[in-house]
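Novice: Pasting in a structure now, in structure tokens, and then I'll have a few things to ask.
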Amino acid sequence: MSIKIAVIGLGYVGLPLAHAFSSKYKVIGFDIAKWRIDELNKGIDRTLELTSKQVKEAIANGMEFTDKLEDIADYNIYIVTVPTPIDRHKKPDLTPLIKASESIGKVLKDGDIVIYESTVYPGATEEDCVPILERVSGLKFNKDFFCGYSPERINPGDKEHTVTKILKVTSGSTPEIAKKIDNLYSSIITAGTHLAPSIKVAEAAKVIENSQRDINIAFVNELSMIFGKLGIDTNAVLEASGTKWNFLKFKPGLVGGHCIGVDPYYLTHKAKEVGYHPEIILAGRRLNDNMGIYVANQVIKLMIKKGKKIEGSRVLLLGITFKENCPDIRNSRVIDVIRELEDFGCRVDVSDYWADRNEVKREYNLDLIDEVNVDIESYDAVVLAVAHNDYKNLDLKVSDQVVFDIKSVLKSADGRL
3 MSIKIAVIGL GYVGLPLAHA FSSKYKVIGF DIAKWRIDEL NKGIDRTLEL
53 TSKQVKEAIA NGMEFTDKLE DIADYNIYIV TVPTPIDRHK KPDLTPLIKA
103 SESIGKVLKD GDIVIYESTV YPGATEEDCV PILERVSGLK FNKDFFCGYS
153 PERINPGDKE HTVTKILKVT SGSTPEIAKK IDNLYSSIIT AGTHLAPSIK
203 VAEAAKVIEN SQRDINIAFV NELSMIFGKL GIDTNAVLEA SGTKWNFLKF
253 KPGLVGGHCI GVDPYYLTHK AKEVGYHPEI ILAGRRLNDN MGIYVANQVI
303 KLMIKKGKKI EGSRVLLLGI TFKENCPDIR NSRVIDVIRE LEDFGCRVDV
353 SDYWADRNEV KREYNLDLID EVNVDIESYD AVVLAVAHND YKNLDLKVSD
403 QVVFDIKSVL KSADGRL
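Position 382, counted from 1, in the sequence shown is what the numbering used here calls 384; the numbers after and before it change by one each time, with no gaps.
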């Protein structure tokens with residue numbers, strides 16, 4: 003039987019994966035957002051992970067996009083790449099994963115394989131998703147259908163470490179299926195694969211990757227606070243320490259996005275469920291979650307030192323995406339800086355030539371100002387929040403204006419992390 007792959011969820015993870023598989027297999031991309039399907043069928047990828055040429059060539063070679071469940075009914079491998087966010091209480095929100103599993107359950111057949119790539123806590127695939135697949139399909143797990151887990155490792159905006167160039171962890175619900183899944187990914191992943199001994203091991207491996215980074219960034223964020231009080235340049239310290247061969251090179255900053263700022267809460271949720279209260283992971287999360295407030299307070303202090311009247315002052319934020327040179331605004335912690343400055347009475351404008359105006363309005367209720375017509379010199383303070391390429395060479399040092407550089411890329415600034 004020939005392999006036919008349906009990728010469920012066509013965001014930053016699903017679309018590049020579907021494109022990679024389409025070079026060797028029959029592939030269809032499924033998404034519940036009709037506007038997304040309509041755009042892709044026109045060759046438009048608003049995530050900018052694929053060029054218009056790449057999308058159109060894939061379509062010409064047979065890849066399809068659909069929002070209709072019946073169109074994926076005759077496929078035999080389903081790969082789930084939907085978001086796994088947290089709610090306002092910072093608890094895992096499995097709603098997209100549950101709904102995707104319910105949809106697949108309606109078309110699941112004997113011999114089909116369901117592979118999850120969405121970040122989850124250890125046990126979620128077999129304890130949360132499989133029962134839904136069984137209930138909706140009426141089939142028996144590991145008898146009629148099988149599952150696997152292969153954590154996504156997409157880095158949005160990174161054109162060097164693309165999906166096929168990043169080593170992939172794989173796993174399956176039986177030894178035979180695990181091997182099949184590993185072979186499937188091996189056929190397109192030039193960087194190679196690592197076959198984990200179980201689905202839970204693969205799930206745990208993914209969730210600790212970003213938890214580890216989160217803790218390390220929290221450490222250097224705390225260092226930046228300490229060195230700030232001591233009047234020491236944090237980046238100069240890190241550069242000096244980085245001369246040691248085994249020093250881990252992390253930089254301070256805002257920790258947002260769909261992974262680092264979210265994944266640790268999946269692990270801590272599961273840890274609490276089994277009766278363990280994680281100390282270090284949550285401490286790192288608390289520190290990183292408060293960095294936006296810390297930045298805003300540093301800006302206000304600098305403004306006061308320069309004699310600025312805080313109430314009614316004008317502040318310009320450059321950048322709203324969660325990282326540089328990428329349109330992804332999910333879980334951007336720049337919003338924390340903005341809201342804190344507004345609480346001080348500042349009038350805050352936000353500019354970002356990478357971000358989609360409509361998405362920013364919908365997600366954060368912010369109206370981006372016109373990038374072309376912005377008069378930077380008219381602001382009392384400018385905060386470089388995201389190091390987009392076009393911001394790095396800006397000459398922002400004018401008169402008594404306060405310039406705060408969160409990313410430490412500007413040659414002259416009044417303050418930085």
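C-beta: ideal position from N, C-alpha, C; glycine also. Note that the structure is a prediction, hence the values are computed from the model and not measured.
Quick check on this structure: which residue in T121, I312 and A298 has the alpha carbon closest to the alpha carbon of E154?
Specialist: T121
Novice: From I312 to G159, what distance separates their C-alpha atoms?
Specialist: Rounded to whole angstroms, the gap between the alpha carbons of I312 and G159 is 36 Å.
Novice: Does P266 come out as helix, strand or coil in the three-state DSSP assignment?
Specialist: helix
Novice: Measuring CB atoms only, is the region 211–230 touching the region 46–53, in the sense that at least three cross pairs come out at less than 8 Å?
Specialist: no
Novice: What residue range does the beta strand (DSSP E) around R335 cover?
Specialist: From DSSP, R335 is part of no beta strand (DSSP E); its letter is neither H nor E.
Novice: Using only the alpha-carbon positions, how far apart do D351 and E136 sit?
Specialist: 51 Å
Novice: Could you tell me how far apart the beta carbons of V264 and P87 are, in whole angstroms, since I believe they sit closer than 8 Å?
Specialist: 6 Å
Novice: DSSP has R418 in a bridge; who is on the other side?
Specialist: D407
Novice: Just to confirm the assignment: which complete beta strand (DSSP E) runs, minimum length 3, are found wholly within the region 295–323?
Specialist: 316–320
Novice: So Y187 and K170 are in contact, right, with Cβ under 8 Å, and what is the actual spacing, rounded?
Specialist: 5 Å
Novice: Could you spell out the range, first to last residue, of the alpha helix (DSSP H) harbouring L17?
Specialist: G16 to F23
Novice: Can you tell me whether F147 is buried or exposed? The criterion is at least 16 other CB atoms within 10 Å of its CB, across all chains shown.
Specialist: buried
Novice: Taking only the alpha-carbon atoms, compute the straight-line gap between H390 and R316 and give it to the nearest angstrom.
Specialist: C-alpha separation (whole angstroms): 22 Å.
Novice: DSSP three-state label for A62, please.
Specialist: Secondary structure of A62 (DSSP, three-state): helix.
Novice: Check whether the region 380–396 touches the region 361–371, taking contact to mean three or more Cβ pairs, one atom from each stretch, closer than 8 Å.
Specialist: Contact between the region 380–396 and the region 361–371 is absent, because fewer than three Cβ pairs lie under 8 Å.
Novice: I'd like to know whether the C-beta atoms of L319 and V297 end up nearer to each other than 8 Å.
Specialist: no
Novice: Using C-beta distances below 6 Å, list every residue in its chain close to E342, excluding the 5 sequence neighbours before and after it, in chain order.
Specialist: Counting only Cβ-Cβ distances below 6 Å, and skipping sequence neighbours, we find I295 and A298.
Novice: H390 bridges to which residues according to DSSP?
Specialist: Bridge partners of H390: none, in fact.
Novice: For P94, count neighbouring Cβ atoms within 10 angstroms of its own Cβ and tell me buried if that reaches 16, exposed if not.
Specialist: buried
Novice: On the three-state DSSP scale, how would you describe P153?
Specialist: coil
Novice: In whole angstroms, give me the CA-to-CA distance for T245 and K92.
Specialist: 38 Å
Novice: Which partner residues does G233 have in the DSSP bridge list?
Specialist: DSSP output for G233 lists no bridge partner at all.
Novice: What is the C-beta distance between V301 and A383, in whole angstroms, given that I count them as a contact (C-beta under 8 Å)?
Specialist: Rounded, the Cβ-Cβ distance is 6 Å, consistent with contact.
Novice: Assuming I106 contacts V116 (C-beta within less than 8 Å), just tell me the rounded distance between them.
Specialist: 6 Å
Novice: Classify Y187 as helix, strand or coil using the three-state DSSP reduction.
Specialist: DSSP places Y187 in helix when its eight states are reduced to three.
Novice: Is the beta carbon of G13 sitting closer than 8 Å to the one on T83?
Specialist: yes
Novice: Below 8 Å between beta carbons: does that hold for A102 and G11?
Specialist: yes
Novice: Distance, Cα to Cα, K325 vs V374?
Specialist: 21 Å
Novice: Quick one: Cα of D114 to Cα of P133, how far?
Specialist: If you take the alpha carbons of D114 and P133, they lie about 15 Å apart.
Novice: Could you have a look at R48 and say whether DSSP puts it in helix, strand or coil?
Specialist: coil
Novice: Excluding sequence positions up to five away, which residues of its chain have a Cβ less than 8 Å from the Cβ of G259?
Specialist: Correct list, in chain order: P158, F324, K325, D330, R332, N333 and S334.
Novice: Within the 8 Å Cβ cut-off, does E104 reach chain B?
Specialist: Given the protein chain composition of this structure (a single chain), no chain B is represented.
Novice: Just confirm the distance between the C-beta atoms of H271 and Y123, as a whole number of angstroms; I'd bet it's less than 8 Å.
Specialist: 6 Å
Novice: Going by DSSP in three states, V374 sits in which element: helix, strand or coil?
Specialist: coil
Novice: Which residues in the same chain have their Cβ closer than 6 Å to the Cβ of D402, if we skip the five residues on either side of it in sequence?
Specialist: K308
Novice: Check whether the region 246–256 touches the region 195–207, taking contact to mean three or more Cβ pairs, one atom from each stretch, closer than 8 Å.
Specialist: Contact between the region 246–256 and the region 195–207 is absent: fewer than 3 CB-CB pairs across the two stretches fall below 8 Å.
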